[in-house]
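Visitor: Sharing a structure, written as structure tokens. Questions coming.
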Amino acid sequence: MKSALFAFAAALAVAGPLHADPLEGPQPYPMPPPIPAPRDVAYPGVLKLTVDATDVERRIFRIHETIPLAGPGPMILLYPQWVPGGHSPRNALYDLAGLVVRVGGQVIPWTRDPVQVFAFHVTPPPGAGSLEVEFQYLSPTAGDQGRVVMTPEMLNAQWLNLAVYPAGYFSRRIQIEPSIRLPAGWGYGTALETAAVENGVIRFKPVEFDTLMDSPMFAGRYFKQYDLDTSGKSPVRLNIVADRPELLAAKPEQIELHRELVRQADRLYGARHYNHYDFLLALSDRLGGIGLEHHRSSENGADPEYFIDWDSDAPNRNLLPHEYNHSWDGKFRRPADLWTPNFNVPMRDSLLWVYEGQDQYWGYVLGARSGLNTKEQTLDALAMTAAQYSTGRPGRQWRSVEDTTNDPIVAGRRPIPWTSWQRSEDYYSEGQLVWLDVDTLIREKSGGKKSLDDFARAFFGVKDGSYTELPYTFDDVVKGLNDVLPYDWSGFLTTHMRDVAPAFPLEGLGRGGYQLVYTEKPTEFWKNNEAGRKTVDLTYSIGLGLGREAMITSVLWDGPAFKAGLSVGSKILAVNGIAYDTDKLKETITAAKASRDPITLIVKDGDHFRVVALDYHDGLRYPRLQRLPGKPDLLGKIYEPLK
């Protein structure tokens, strides 16, 4: 036996190891050449874009584009990938179809780049002067395919979906002349300037390609436009499309509040960075909802009854102030790592807690100062936000606010199972609370002589009349705050935004003269918010939220419902043995305060049924703000209109 082992060892020594030589294993296949980086040089000639948007029944946009050639040889056409304001590479490439490229009437082949799939390679024949490009944008026909942008009554033309452009150039150095054909009799609103209307085709003045991408259109059968600027400085318009003509019936006092929004923004910033501005507002439950900022316009979707059910629609009225404020915060002044030379260079979102967080703060402030929402409604909204981050976001235990700025790229705004633990773009509303902390801190330390208003004017309100973006860094923000009030702002912002902080400090509320409390009755704002969203929010009692047909839409991590084994997607069928009813569930939660018996639920999860016991006895809990005796009402001061 021993001699056999020696013989085997000798054989190994001669033959080598049993496993393969790693140098003989697979090696990476060579990558294709990279797409040429954009250069800050002018592209020769003017692109011409024609869009036919009349096929509203089938939701099809038909595109024809003429692209002059910069010279002989191969070229690359790019379909925009990264969506400004969406902070992510989410443009709907999958809805592009029927792509054909011609030269002189002859079809020439194209190939998609195998790595950068938004890029198309073409080789024009020698002597060619331009390309003729045709394709269709097959916009979603149902909500499960994506956001619906076209209905028989209206459309939202987003040029990001409707054009390609040559690689290798800054998008601001490419000139394009756009035009669009709409259904007969439709009105439209856009920040583009109309050059002519000929044979039903609206032709716009030539613009830079990046300006076109930043200037969407709302158009519709039922359309109305209001002038919101009364100063004569530069036009500001409210362009409304609606599902039905009666939804356009805005009262004069309602329009006046929107005019006051423009005035209050002027008083805050002291400058405008547009030569005209167009609010685009869709009152529809058929067009997909939206809130998206642009430099000289904004896309806004609201409940159809925005005007005619004004008293119940307060939760919707923060949208326009938020998006309008972005003209200063986010579009004119933009984080340096978020600005890119074209729409296929990756964006980096690290400072969205300034871009969106401070904008969320100013959106609420301008909403209150303009009167679009009352002080009480604004405080009630703030209470909801404070509760969410002091109680409803345990994910703060492991993840910083700044890390959530990656969420548009990581999660793509898809539904997620455990929002309270995973977190989801919390730089918006948690950022709002931090900037409230900053504002009240400045006011307190300066004895009321300074405020975040001073920062806004000095940081965002510079260079009146300039449309050219002015990027900023973290250090620029710190310096801007120190110019208002010397303090360790670098340490403050690092602690609040970049560090993991399990307990959220509510000093901004306390310093502002209020404290967060919970009561058994919801505020009117809370009730309107639930009604508008068709939800039942019991986060701060049994730890869950419900949508239509008693479906569980949210579960608070480590809350009572979580501990009972409930999760998103289940459906409540019965409460304590009686068929589910919202009022019955709330009555049962209240009654459990006087009992040691658990609340029992019959739950359907897919094709499984089970009985769940909720050991909860603290009754209904809804957040609201309560005045602190002896403390000055700084929040009231913040929300006062500027004179």
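For reference, each letter of the sequence shown is one residue, going 5 to 647 in the working numbering. Just so you know, even glycine gets a beta-carbon here, dropped at the ideal spot from N, CA and C.
(1) Output the distance between the C-alpha atoms of Lys597 and Tyr620, rounded to the nearest integer angstrom.
(2) My understanding is that Ala171 touches Ile80, with C-beta atoms under 8 Å, so please give their C-beta distance in whole angstroms.
(3) Roughly how far, in whole angstroms, is the beta-carbon of Ala653 from the beta-carbon of Ser219, given that I think they are within contact range, below 8 Å?
(4) Does DSSP classify Gln162 as helix, strand or coil?
(5) State the start and end residues of the unbroken beta strand (DSSP E) segment that holds Tyr125.
(6) Between which two residues does the alpha helix (DSSP H) carrying Tyr368 extend?
(7) Compute the beta-carbon to beta-carbon distance between Ala123 and Ile39, rounded to the nearest angstrom, for a pair I have assumed lies under 8 Å.
(8) Who are the near neighbours of His68 in its chain, counting only those whose CB is closer than 6 Å to its CB and skipping five residues on each side?
(9) Do you know how far the Cα of Asp492 is from the Cα of Arg338?
(10) Name the one or two DSSP bridge partners that Gly131 has.
(11) Quick one: Cα of Arg628 to Cα of Met388, how far?
(12) Might you give, ordered along the chain, the residues of its own chain that have their beta carbon closer than 6 Å to the beta carbon of Arg176, omitting 5 neighbours on each side?
(13) Between which residues of its own chain and Val504 is the CB-CB distance below 6 Å, once the five residues before and five after are set aside?
(14) According to DSSP, simplified to helix, strand and coil, what is Arg321?
(15) If we call anything under 8 Å between Cβ atoms a contact, is Gly295 one with His262?
(16) Output the distance between the C-alpha atoms of Asp468 and Trp332, rounded to the nearest integer angstrom.
(17) Where Pro48 and Tyr83 are concerned, what is the direct C-alpha to C-alpha distance, given to the nearest angstrom?
(18) Let me make sure I understand the geometry here. Which of Arg418, Asp601, Asp585, Pro490 has the alpha-carbon closest to that of Gln149?
(19) For Ser374 and Lys608, what's the separation of their Cα atoms in angstroms?
(20) If you run the structure through DSSP and keep just helix, strand and coil, what is Lys525?
(21) So who's on the other strand from Pro475, going by DSSP bridges?
(22) Where does Lys635 land, buried or exposed, given buried means 16+ other C-beta within 10 angstroms?
(23) Secondary structure at Asp609, three-state DSSP: helix, strand or coil?
(24) So, helix, strand or coil for Thr115, using DSSP?
(25) Is the beta carbon of Gln436 closer than 8 Å to that of Gly361?
(26) Of the choices Val119, Arg66, Pro32, Trp530, whose alpha-carbon is the least far from that of Leu103?
(27) Give a yes or no on whether the C-beta atoms belonging to Thr408 and Arg427 are separated by under 8 Å.
(28) With DSSP collapsed to three states, give me the class of Met5.
(29) Flag this pair as yes or no: are the beta carbons of Pro421 and Ser571 separated by less than 8 Å?
(30) Where does Gly467 sit, in a helix, a strand or coil, going by DSSP?
(31) Quick one: using the 10 Å Cβ neighbour count with 16 as the cut-off for buried, is Ala583 buried or exposed?
(32) Report the rounded CA-to-CA distance for Leu605 versus Lys567, giving the unit in angstroms.
(33) Tell me whether Ala554 is buried or exposed, calling it buried when 16 or more other Cβ atoms sit within 10 Å of its Cβ.
(34) Quick one: residues in its chain with C-beta nearer than 7 Å to the C-beta of Tyr643, no 5 flanking neighbours on either side, listed in chain order?
(35) What three-state label does DSSP hand Leu456 in the structure shown?
(36) With hydrogens ignored, establish whether the beta-carbon of Ser545 is closer than 7 Å to any heavy atom of the ligand SAM.
Guide: Quick look at the numbers:
(1) By one-based count along the sequence shown, residue 597 stands at place 593. By one-based count along the sequence shown, residue 620 stands at place 616. So the two alpha carbons sit approximately 8 Å from each other.
(2) To locate residue 171, count along the sequence shown from 1; it is residue 167. To locate residue 80, count along the sequence shown from 1; it is residue 76. With 8 Å as the limit, Ala171 and Ile80 qualify as a contact, their Cβ atoms being about 4 Å apart.
(3) Lying outside 5 to 647, the shown extent of the chain, residue 653 is not represented and no answer is given.
(4) Locating residue 162 in the sequence shown gives position 158, where the first residue counts as 1. Note: Gln162 maps to coil in three-state DSSP.
(5) What you label residue 125 is simply residue 121 of the sequence shown in a count that begins at 1. Sequence check: residue 125 is His here, not Tyr. Note, His125: beta strand (DSSP E), 123–126.
(6) In the sequence shown, the residue the question calls residue 368 occupies position 364. Run containing Tyr368: 361–374, per the alpha helix (DSSP H) assignment.
(7) Counting from one through the sequence shown, the residue named residue 123 turns up at place 119. Counting from one through the sequence shown, the residue named residue 39 turns up at place 35. With 8 Å as the limit, Ala123 and Ile39 qualify as a contact, their Cβ atoms being about 5 Å apart.
(8) In the sequence shown, counting from the first residue as 1, residue 68 sits at position 64. Thr54, Glu138, listed in sequence order.
(9) Counting from 1 along the sequence shown, the entry for residue 338 is found at position 334. Counting from 1 along the sequence shown, the entry for residue 492 is found at position 488. Those two C-alpha atoms are separated by around 23 Å.
(10) Taking the first residue of the sequence shown as 1, we reach residue 131 at position 127. Gly131 is not bridged to any residue.
(11) Position 624 of the sequence shown, counted from the first residue, corresponds to residue 628. Position 384 of the sequence shown, counted from the first residue, corresponds to residue 388. Answer to the nearest angstrom: the Cα atoms are 7 Å apart.
(12) Position 172 of the sequence shown, counted from the start, is the residue given in the question as residue 176. Same-chain partners within the cutoff: Glu212, Asp214.
(13) Stepping through the sequence shown from its first residue, residue 504 is reached at position 500. Answer for Val504: Ser404, listed in chain order.
(14) What you label residue 321 is simply residue 317 of the sequence shown in a count that begins at 1. Looking at Arg321 - three-state DSSP - the assignment turns out to be coil, as it is neither helix nor strand.
(15) By one-based count along the sequence shown, residue 295 stands at place 291. By one-based count along the sequence shown, residue 262 stands at place 258. In this structure, His262 does not lie closer than 8 Å to Gly295 by Cβ.
(16) In the sequence shown, residue 468 corresponds to position 464, counting from 1. In the sequence shown, residue 332 corresponds to position 328, counting from 1. When rounded, the distance between both Cα atoms is 11 Å.
(17) The residue you call residue 48 lines up with position 44 of the sequence shown. The residue you call residue 83 lines up with position 79 of the sequence shown. Approximately 19 Å between the Cα atoms of the pair.
(18) The count along the sequence shown starts at 1 and reaches residue 149 at position 145. Gln149 has its Cα closest to that of Arg418, out of Arg418, Asp601, Asp585, Pro490.
(19) On the sequence shown, position 370 is the one that residue 374 refers to. On the sequence shown, position 604 is the one that residue 608 refers to. Roughly 47 Å separates the two Cα atoms.
(20) Taking the first residue of the sequence shown as position 1, residue 525 is located at position 521. Looking at Lys525 - three-state DSSP - the assignment turns out to be coil, as it is neither helix nor strand.
(21) Residue mapping note: residue 475 aligns to position 471 of the sequence shown, counting from 1. Its beta-bridge partners are Arg338.
(22) Position 631 of the sequence shown, counted from the first residue, corresponds to residue 635. Answer is exposed; the Cβ neighbour count stays below 16.
(23) Stepping through the sequence shown from its first residue, residue 609 is reached at position 605. Residue state, collapsed to three classes: strand.
(24) On the sequence shown, position 111 is the one that residue 115 refers to. If DSSP states are grouped into helix, strand and coil, Thr115 belongs with the strands.
(25) As a first step, residue 361 must be located in the sequence shown, where it is residue number 357. As a first step, residue 436 must be located in the sequence shown, where it is residue number 432. Cβ distance < 8 Å, so Gly361 and Gln436 count as in contact.
(26) Numbered from 1 along the sequence shown, position 99 holds the residue referred to as residue 103. Closest by alpha carbon: Arg66.
(27) Here residue 408 corresponds to residue number 404 of the sequence shown, with the count starting at 1. Here residue 427 corresponds to residue number 423 of the sequence shown, with the count starting at 1. Yes, the Cβ-Cβ distance between Thr408 and Arg427 is below 8 Å.
(28) What you label residue 5 is simply residue 1 of the sequence shown in a count that begins at 1. Its pLDDT being 44, under 50, Met5 is placed unreliably in this model, and the value from its coordinates should be taken loosely. It is coil, neither helix nor strand.
(29) For the purposes of this step, residue 421 is taken as the residue at position 417 of the sequence shown. For the purposes of this step, residue 571 is taken as the residue at position 567 of the sequence shown. Yes.
(30) Here residue 467 corresponds to residue number 463 of the sequence shown, with the count starting at 1. At residue 467 the sequence reads Lys, which differs from the Gly that was named. Reduced to three states, the DSSP call for Lys467 is coil.
(31) Here the question's residue 583 lines up with position 579 in the sequence shown. Classification of Ala583: exposed, given that the 10 Å Cβ count is below 16.
(32) Counted from its first residue, the sequence shown places residue 605 at position 601. Counted from its first residue, the sequence shown places residue 567 at position 563. Rounded to whole angstroms, Leu605 to Lys567 spans 14 Å at the Cα level.
(33) Locating residue 554 in the sequence shown gives position 550, counting from the first residue. By the neighbour-count rule (16 or more Cβ atoms within 10 Å), Ala554 is buried.
(34) Along the sequence shown, one-based indexing puts residue 643 at 639. Counting only Cβ-Cβ distances below 7 Å, and skipping sequence neighbours, we find Val369, Ala372, Arg373, Lys379, Thr382.
(35) In the sequence shown, counting from the first residue as 1, residue 456 sits at position 452. DSSP places Leu456 in helix when its eight states are reduced to three.
(36) By its list of ligands, the structure shown contains no ligand whatsoever, and the ligand SAM lies outside what it can speak to.
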